[in-house]
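Positions in the sequence shown are counted from 1; adding 214 to them yields the working numbering.
Note that CB positions come from ideal geometry on N, CA and C, so glycine has one too.
Since the model is a prediction, treat every value here as computed from it, not as a measurement.
First up is the structure itself, then whatever we jot down about it.
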Amino acid sequence: MNPVYLDNSATTPVDPLVMEFMLPFFTREFGNASSIHSFGQRARAAVEEARERLARLIGANSAEVIFTSGGTESDNTAIRGIAHQFKERGNHIITTRIEHPAVLASCAALEQEGFQVTYLSVDSAGRVDLQQLVDSITNKTTLISVMHANNEIGTMQPLEEICTMAHARGIRVHSDCVQTLGKVPVGMKTLPVDLASFSGHKLHGPKGIGALFVRKGVPLKPFMVGGSHERKRRAGTENVAGIVGFGKAAELAQQHLPDMATRVRGLRDRLQSRLTEIPGTALNGHPEFRVPHICNLSFEGTEGEGLLISLDLEGIAVSTGAACSSGSLEPSHVLLALGRDRRSVQGSLRFSLSRMTTGQDVDRVLEALPRIVQRIRSMGPSYSAP
Ligand SMILES: Cc1ncc(COP(=O)(O)O)c(C=O)c1O
């Protein structure tokens with residue numbers, strides 16, 4: 215039986231068209247994009263073409279796009295770069311408790327250096343409280359970093375309002391948009407953030423390539439220092455093949471946005487509504503303000519790891535949370551921040567779809583999971599149907 219892959223928030227399969235586009239850059243087009251000879255010029259042209267493609271997807275000017283090694287580096291660069299750039303003005307940063315570890319660890323590193331960080335709580339659906347945000351602002355605040363959509367539960371944040379509040383007070387806004395790029399429109403004209411992080415492998419591009427949008431006029435202290443690559447904003451020889459692949463993936467993602475908004479959302483909703491018919495099942499995340507490809511559910515009286523392994527034995531890949539924290543015995547910091555108790559956090563699964571997900575994939579989960587949940591519950595001591 216064909217495997218079913220519903221862990222697309224961890225990573226996505228590379229689109230064959232992307233791979234085909236990248237291949238020459240591993241063979242005959244191996245030039246260094248900084249070299250002056252024709253090998254270098256062709257590599258440079260390919261990098262700039264990819265930059266244009268990504269800029270088109272996000273409605274930016276290509277000069278506002280810096281290529282990095284991934285979402286993690288983009289988050290580090292944005293947060294630490296802005297904090298250090300404006301440290302004479304203030305040492306206070308605001309973020310949320312449900313950010314990706316790349317943001318949380320960047321903030322923790324700054325705390326070690328003497329910066330102060332406020333971690334906003336979220337409501338039971340994962341949205342930040344705008345009043346709490348305003349109340350947290352001080353005259354030392356230089357940066358607010360709030361993710362566009364959460365990678366575990368898919369909840370989207372009111373970024374436009376956050377930007378309005380921040381900009382009225384001269385504060386910069388960064389957003390981790392890794393889980394929204396290619397899933398919903400992410401336009402830098404309508405989303406007035408100063409900096410935004412992206413990652414290639416979440417939208418059928420290769421791993422190890424990402425980008426940081428830095429709005430024109432926003433000064434940023436470089437995080438990676440060395441040569442004068444990327445207009446002196448990110449040192450290091452460009453990953454030409456990765457950049458080319460990311461550019462192509464961005465172009466394809468743009469074409470598939472309507473499919474994400476209708477067909478993929480429809481598949482996710484069908485999966486969710488049928489699975490929530492299982493007694494003792496609850497949705498984690500906002501029912502409405504959510505990306506179309508993520509659904510996180512808690513199955514009372516189960517263990518997420520047990521469900522995951524049982525599904526895997528039937529050829530179905532899902533996750534218990536973020537890929538970067540799987541293997542850790544700690545319960546999800548995101549689900550705990552929603553106010554879920556530890557037991558319901560333990561019994562949760564994340565299903566994340568992509569434009570390559572089919573109705574048959576969803577049917578397979580719907581056939582297998584209710585049966586698995588029932589079996590696991592019958593083996594445990596604690597579950598009695600509500
Ligand atoms: C929201 C979010 N931010 C950042 C990252 C890190 O991106 P990368 O794997 O490209 O370093 C991820 C990947 O899991 C993510 O989901």
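Beta-carbon spacing of residue i, residue j below 7 Å
i, j, result
"Ala264", "Gly461", "yes"
"Val505", "Gly419", "no"
"Thr490", "Phe513", "no"
"Val400", "Lys416", "no"
"Glu455", "Met236", "According to the sequence as given, residue 455 is Ala; it is not Glu. Yes, Cβ-Cβ distance for Ala455 and Met236 is below 7 Å."
"Asn498", "Leu549", "yes"
"Ser568", "Asn222", "yes"
"Ala274", "Phe412", "no"
"Ser320", "Ile296", "no"
"Asp390", "Val336", "no"
"Val261", "Glu452", "yes"
"Ala339", "His500", "yes"
"Arg383", "Asp408", "no"
"Ser524", "Ile586", "yes"
"Met215", "Gly422", "no"
"Thr355", "Ile385", "yes"
"Thr601", "Ala363", "Within the shown structure, residues of the chain are numbered from 215 to 600, placing residue 601 beyond reach of any answer."
"Ile590", "Gly480", "no"
"His314", "Asn353", "no"
"Phe565", "Met370", "no"
"Asp229", "Leu466", "yes"
Cβ-based neighbour list, residue i, same chain, cut-off 8 Å, excluding 5 preceding and 5 following
i, result
"Ala475", "Val398 and Pro506"
"Ile376", "Val342, Leu344, Leu347, Ile358, Val360 and Val387"
"Thr332", "His306, Ile307, Ile308, Thr309 and Ser350"
"Leu522", "Val532, Ser533, Thr534 and Leu563"
"Gly553", "Ser338"
"Glu278", "Ala269, Met402, Phe427, Val428, Arg429 and Lys430"
"His251", "Gly245"
"Ala323", "Arg294"
"Gly284", "Ser413, Gly414, His415, Lys421, Gly422, Ile423 and Gly424"
"Gln330", "Asn305, His306, Ile307 and Lys354"
Any non-hydrogen atom of ligand 1 closer than 6 Å to residue i Cβ
i, result
"Ser413", "yes"
"Thr369", "no"
"Asp221", "no"
"Asn365", "yes"
"Thr291", "no"
"Ala316", "yes"
"Gly285", "yes"
"Gln393", "yes"
"Gly273", "no"
"Ala390", "It should be pointed out that residue 390 corresponds to Asp in this sequence rather than to Ala. Yes; taking the cut-off as 6 Å, the Cβ of Asp390 has a heavy atom of ligand 1 nearer than that."
"Gly450", "no"
"Gly461", "no"
"Gly340", "no"
"Gly424", "yes"
C-beta neighbour in chain B for residue i, strict 7 Å
i, result
"Phe503", "Protein chains in the displayed structure number just one, and chain B is not present."
Residues near residue i in its chain [Cβ-Cβ closer than 6 Å; skip 5 each side]
i, result
"Arg447", "Ile280 and Pro436"
"Ala380", "Ile358 and Val387"
"Pro195", "Within the shown structure, residues of the chain are numbered from 215 to 600, placing residue 195 beyond reach of any answer."
"His470", "Arg569"
"Phe240", "Ala455"
"Ser558", "Ser512"
Integer Cβ distance of residue i from residue j, believed to fall under 8 Å
i, j, result
"Arg484", "Val576", "6 Å"
"Val218", "Ala531", "7 Å"
"Gly440", "Gly450", "6 Å"
"Gly518", "Gly594", "Between Gly594 and Gly518 the Cβ distance is about 13 Å, and since that is not below 8 Å, they are no contact."
"Leu334", "Gln468", "Rounded, the Cβ-Cβ distance is 32 Å, inconsistent with contact."
"Ala464", "Arg258", "No, Ala464 and Arg258 are not in contact; Cβ-Cβ is about 19 Å, not under 8 Å."
"Leu220", "Thr572", "Incorrect: roughly 11 Å between the Cβ atoms, too far for contact."
Other residues of its chain near residue i: CB distance less than 7 Å, five sequence neighbours each side excluded
i, result
"Gln299", "Pro433, Leu434 and Lys435"
"Ser288", "Thr282, Ser411, Phe412, Gly424, Ala425 and Leu426"
"Arg482", "Pro506, His507, Cys509 and Leu567"
"Gln560", "Glu517, Gly518 and Pro545"
"Thr226", "His415, Lys416, Leu417, His418 and Ser568"
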